[in-house]
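Asker: Provided herewith is a single structure, encoded as structure tokens, for subsequent inquiry.
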Amino acid sequence: MDICGELIDNHIEIKKASDIGRLFNKSHIGTLLSNNTLQLNLLEGVFLLDEGKMILFQNRKQINFSHLLKRAVQQIPEFETKYLVYKDLRSRGHAITLNDDDAHVSFSKFKEKNKIVPSCVIAAFSERDILDIEVTKKLIQQFTKKNNTLWFALVDEEGDLTYYDVSGVNLTGDISEQQYPKGSCILLKNRLIVFDKKLADQLLQKEFFGKPFGEMLQLSFVEALYLLEKNVLEVQTMDGKNLTEEKCIQLMQQHQPDIVQRLMVFKDLKQRGLLVKTGFKFGAHFRAYTKQPDKTHAEYLIHVVEKGFTSIWAEISRAVRLAHTVNKEFVFACIDGHTIDYIKLGRLRP
């Protein structure tokens, strides 16, 4: 037997006790009022009409699906995106409710038989929306402190859904800092060369710095600057003149404008016990290992961004899918002044 509802202004009321039991107690739909009435929002009403589970009236006249849909579109911002997410998650058995009190959070998901404290909050996006890293950081800070899980739900232009689990992550590894004899390297255009074979071997074997270059070792810009700051290396020009760190950075910025930001993240990851290598072949700035590479694959792909970073969702989708394909986790390293926050986005099957 279909549930009967009455459209009043911009909500729907259910009066019959058996209907209330089916919706509220069994399916966690609606809000129970003090007068033993169940109130539905327009999105919930559209869903129930769409599923053929409710008959709707207004002033004793039956209301059809298209009439209610038009009203919902007028009253609920980004209705089409929110509805597709709601319908999909409901079909998967998730008890979610529309969230009206936060501009960035579309839904709250509740644990079964508990409609007081949400276990998860969900932000819904169209593929044509923008990822704002500052909004993402605030959502993580706001909800993970309450032990909530944060999901991003993406709706593409064909109505298909992609879900991401979004969280802050404390990256740590088992790689300890090693001691080396002091040496020198030569700055070429895009790399630096260590000629001392003994030093080259130690740098490669102990912390996987660089890559063999015959019997020598070639280093990336960030590796060389890191070792320069650690007083392991002196950096020289081709004619043997020593370069200060400031001068090195000036020369490197001609080829790598964001070298300062990359170096900041590289140093922080090293301090956290991670082994850091280029992530270029994976479309990221770095790949990071928690153990020596002969014991594990790189667990993380790190992309360095600064405060105010935004991106189209197609770029995020590409990056996260690639990381997932190669069994790695995609992480933003978000620089804000002297602070770095790490944000992980992972594909999710709800």
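Numbering (our numbering), first residue to last: 256 to 605. Glycine is no exception: its CB is placed at the ideal position from the N, C-alpha and C atoms. Since the model is a prediction, treat every value here as computed from it, not as a measurement.
Should the stretch 382 to 400 be regarded as contacting the stretch 415 to 423, the criterion being three or more beta carbon pairs within less than 8 Å?
Answerer: yes
Asker: In the DSSP output, what is Asn296 paired with across the bridge?
Answerer: For Asn296, which the question treats as bridged, DSSP gives the partners His266.
Asker: Report buried or exposed for Gly285, applying the criterion of at least 16 other Cβ atoms within 10 angstroms of its Cβ.
Answerer: buried
Asker: Which residues in the same chain as Asp387 place their Cβ atom closer than 7 Å to its Cβ, once the five residues preceding and following it in sequence are excluded?
Answerer: The beta carbon of Asp387 is closer than 7 Å to those of Thr565 in its chain, skipping five residues each way along the sequence.
Asker: Give the DSSP bridge partners of Arg542, in chain order.
Answerer: Lys532 and Leu556
Asker: Would you give the residue range spanned by the alpha helix (DSSP H) that Met309 belongs to?
Answerer: It is not in any alpha helix (DSSP H) - Met309 instead sits in the beta strand (DSSP E) that spans Met309 to Gln313.
Asker: In the structure shown, what three-state DSSP assignment does Thr417 receive?
Answerer: strand
Asker: Quick one: give me the first and last residue of the beta strand (DSSP E) that Lys466 is part of.
Answerer: Lys466 to Phe468
Asker: Relative to the alpha-carbon of Asn319, which residue among Ile385, Lys525 and Leu304 has its alpha-carbon at the smallest distance?
Answerer: With distances taken between Cα atoms, Asn319 lies closest to Leu304.
Asker: Which runs of the alpha helix (DSSP H), 4 residues or longer, sit entirely within the stretch 443 to 467?
Answerer: 452 to 462
Asker: Does DSSP put Arg602 in a helix, a strand or coil?
Answerer: Assigned with DSSP and collapsed to three states, Arg602 falls in strand.
Asker: In terms of residue numbering, what span does the beta strand (DSSP E) encompassing Ser363 cover?
Answerer: Here the beta strand (DSSP E) through Ser363 covers Phe362 to Phe365.
Asker: Could you give the first and the last residue of the continuous beta strand (DSSP E) run that contains Val515?
Answerer: Val515 -> not in any beta strand (DSSP E); alpha helix (DSSP H) instead, spanning Ile514 to Gln526.
Asker: With C-beta atoms as the reference, is His510 less than 9 Å away from Phe535?
Answerer: no
Asker: Apart from the five residues on each side of it in sequence, which residues of its chain come closer than 6 Å, Cβ to Cβ, to Phe334?
Answerer: Closer than 6 Å at Cβ, skipping near neighbours: Ala327 and Val328.
Asker: Got a sec? Which residues, its chain only, sit under 6 Å from Gln491 by beta carbon, not counting five neighbours each side?
Answerer: Ser439, Ile441 and Asn497
Asker: Can you look up Ala358 in the DSSP assignment and give me helix, strand or coil?
Answerer: coil
Asker: Look up Trp406 in the DSSP assignment and give the residues it is bridged to.
Answerer: According to DSSP, Trp406 bridges with Ile377 and Asp420.
Asker: Quick check: Ala350 and Lys364, are their CB atoms within less than 9 Å of each other?
Answerer: yes
Asker: Using 8 Å as the cut-off, can you tell me whether the stretch 564 to 581 makes contact with the stretch 478 to 493, which would need three or more C-beta pairs spanning the two stretches below that distance?
Answerer: As far as the Cβ criterion goes, the stretch 564 to 581 does not touch the stretch 478 to 493, which means the pair count is below three.
Asker: Hey, would you say Ser321 sits closer than 9 Å to Val340, going by beta carbons?
Answerer: no
Asker: Going by beta carbon distance, what residues of the same chain come within less than 7 Å of Asp257, once the five residues before and after it are set aside?
Answerer: Lys308, Met309 and Ile310
Asker: Among all the DSSP beta bridges, which residues are the ones paired with Met471?
Answerer: Phe468
Asker: Which term fits Thr352, buried or exposed, when burial requires 16 or more other beta carbons within 10 angstroms of its beta carbon?
Answerer: buried
Asker: Which partner residues of Glu261 appear in the DSSP bridge assignment?
Answerer: Answer is Glu268 and Phe312.
Asker: Exposed or buried, which one is His558 when buried takes at least 16 other CB atoms within 10 Å?
Answerer: Classification of His558: buried, given that the 10 Å Cβ count is 16 or more.
Asker: Between Ser282, His283, Asn445 and Asp451, which lies nearest to Lys437 when the distance is taken from Cα to Cα?
Answerer: Of the residues Ser282, His283, Asn445 and Asp451, the one whose Cα lies closest to the Cα of Lys437 is Asp451.
Asker: Helix, strand or coil, according to DSSP, for Asn497 in the structure here?
Answerer: strand
Asker: Report yes if the CB atom of Val376 is closer than 9 Å to the CB atom of Leu405, and no otherwise.
Answerer: Taking 9 Å as the cut-off, the Cβ atoms of Val376 and Leu405 count as close.
Asker: Give the DSSP bridge partners of Glu505, in chain order.
Answerer: Strictly speaking, residue 505 in this sequence is Gln, with Glu absent from that position. According to DSSP, which records beta bridges pairwise, Gln505 is partnered with nothing at all.
Asker: Measure from the alpha carbon of Asn402 to the alpha carbon of each residue in Met507, Ser374 and Asp384, then state which is nearest.
Answerer: Ser374
Asker: Assuming Leu603 contacts Tyr419 (C-beta within less than 8 Å), just tell me the rounded distance between them.
Answerer: 6 Å
Asker: Would you mind sorting Thr499 into buried or exposed? The rule is 16 or more other CB atoms within 10 Å of its CB.
Answerer: Only exposed fits Thr499, as fewer than 16 other CB atoms lie within 10 angstroms of its CB.
Asker: Identify whether Ala569 lies in helix, strand or coil by the three-state DSSP scheme.
Answerer: helix
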